[in-house]
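The letter at position 33 of the sequence shown is residue 32 when you use numbering that gives the first Met the number 0, and the numbering goes up by one with no holes. See structure below.
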Amino acid sequence: MPIPEDVTGEEIDKDVRQELQSLPKGLAEDVAKNLVMVARLIDEDPEGAYGYSRVALRLASRVAAVREAAGFAAYANQKYSEALAEFRAARRMTGSAELWPVMADCERGLGRPEKALDMAGAPEVHKLDKAGQVEMRLVAAGARRDLGQLDAAIVTLQSPELASNSVQPWTARLRYAYADALLAAGREGEAREWFAKAVESDKDGSTDASDRLAELDGVEFVDAFDESESESDNESDNEVEVENESEGDGESEDVVVGAEVETDVEDDNKG
């Protein structure tokens, strides 16, 4: 797959670069460039990121960072079985528990929420840092919801991290998940309160909490582009009608032309 000229491979994390030092220099550079493309595209173009991850995997399947990147690319494309296999391979290579939450979420994606809950109670969770433990809590709450256990999902999310007033990288997502669970349980007033708290902590727009809050408040957003386009269509229709009236050579012809215009308008509306 083509690599843009502005990608040098030096953009990758220094720890990953160190892992790649086990490879011949030219190969390490090629792998690094593909990993940069995975990171660059994974949010906006998951399929593209997946393609680059497969190239990197073909070049250096024995590098843990490559297996991890391939796992996340597969995960972003909802290829959960493949993602889980790559994450397991990366974990075997490093011995780290860092990927445990996303592995559990892959189990959810494969329709095995009970397995995800088993993983949430495993000793590996105690090896996670605070961010990892919060992520594991989010996955466990999602598994409870998969099983229809809304009250249990709400309880799972109730934690010191949720109650804390300090804003951490995970705060917005945790508050959002809690608000969403409350809303699913019919506790709309509490849900609104927590969506508002999620908005306060979501500085980079990682959630759609503001939209959810507006929806609860009955606020409707109108796409300005669609509205102007609709007005333009109406003006064009009016011009056609005026032109038809001015041509008016005969009543029967006016009726036929009018019918054609009406059909065009209906087609526009369907579109």
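Using N, Cα and C, we set each Cβ at its ideal position, and we do this for glycine too.
Distance, Cα to Cα, A180 vs L137?
One C-alpha to the other measures close to 11 Å.
If A184 and L149 are in contact, beta carbons under 8 Å, what's the gap, nearest whole angstrom?
4 Å
Can you look up Q167 in the DSSP assignment and give me helix, strand or coil?
coil
Buried/exposed call for P112, threshold 16 Cβ in 10 Å
buried
Compute the beta-carbon to beta-carbon distance between A59 and L98, rounded to the nearest angstrom, for a pair I have assumed lies under 8 Å.
The distance from the Cβ of A59 to that of L98 is about 18 Å, inconsistent with a contact at the 8 Å cut-off.
Out of L146, S158 and L19, which one is the CA nearest neighbour of K129?
S158
For S209 versus V198, is the C-beta spacing smaller than 7 Å?
yes
Among A140, G108, N76 and S21, which one has its Cα closest to the Cα of D42?
N76
Distance check for R66 and Q167, CA to CA, integer angstroms please.
28 Å
Taking buried to mean at least 16 other C-beta atoms within 10 Å of its own C-beta, is G204 buried or exposed?
exposed
Check whether the region 104-123 and the region 138-145 touch, using three or more Cβ-Cβ pairs below 8 Å as the test.
yes
Range of the contiguous alpha helix (DSSP H) that encloses L149:
L149 to L156
Give the DSSP-derived three-state secondary structure of D29 in the structure shown.
It is helical.
Is it right to say N164 is buried, meaning 16 or more other beta carbons lie within 10 angstroms of its own, or is it exposed?
exposed
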